[in-house]
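Residue numbering for the sequence shown follows my numbering, starting at 1266 and increasing by one per position.
From the three backbone atoms N, C-alpha and C, an ideal C-beta is built for every residue, glycine too.
Below: one structure, written as structure tokens.
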Amino acid sequence: MLSMDHSAESGNKALRLGRVSLSQHAYHLTFTVSDRAPVFNDLRLGRIVAQCLNSPALIGDASTLAWVLMPDHLHWLVQLGDQVILDKLVRRMKSESARLVNQQRGRAGALWQPGYYDHLIRDDENLRDVARYIVANPLRAGLVRRVGDYPLWDAIWL
């Protein structure tokens, strides 16, 4: 019988297995808030993360294509440029957004869970379809009746 270790550390290692960073390719990334706390029910805190997602200082030559910030997690569709490496991009985004959100909350410590989920968008996948899927998350979660009613999302195809 196989024994499975479900610790956070082994989960993070499993997420990293096979991870590649391909320039000029798009990725659907998901980050989760520590303890799945609904931090981004506070719109002010969500706006901080939104600014980070479009900050040239943070994303370098990558391009944010679409995103939605749910109360306890982020979905981000990003296309890498020629200079940005996926792991470094994620590290910078999580670090700076956590620093700014914690500053606003008057707290310290981790905002995001360690690790992240990534999905390399294949050539046969339509970026607009992936973006639609991402921004429709609040609908599927029953948070709103129309995408336009949810305040924390954006896509370049507007």
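Runs of beta strand (DSSP E) with 3 or more residues, each lying fully within the stretch 1309-1397, are found at 1328-1334, 1338-1344 and 1382-1385, listed in chain order. Contact between A1396 and L1330 holds: CB atoms are separated by about 6 Å, below the 8 Å threshold.
Around the Cβ of D1383, a 10 Å sphere holds 16 or more other Cβ atoms; the residue is buried. For L1294, the enclosing beta strand (DSSP E) covers residues A1291 to T1297.
Pairing A1291 with L1354 gives a Cβ-Cβ distance that is not under 9 Å. At least 9 Å separates the beta-carbon of D1388 from that of S1286. Taking 9 Å as the cut-off, the Cβ atoms of I1324 and V1366 do not count as close.
Contact check for D1337 and R1301: beta-carbon distance about 5 Å, within the 8 Å limit, so the pair qualifies. In the three-state DSSP reduction, D1419 falls in the strand class (E or B).
Between H1293 and I1399, the beta carbon gap of about 7 Å places them in contact (Cβ cut-off 8 Å). In this structure, the beta-carbon distance from S1288 to V1333 does not fall below 9 Å.
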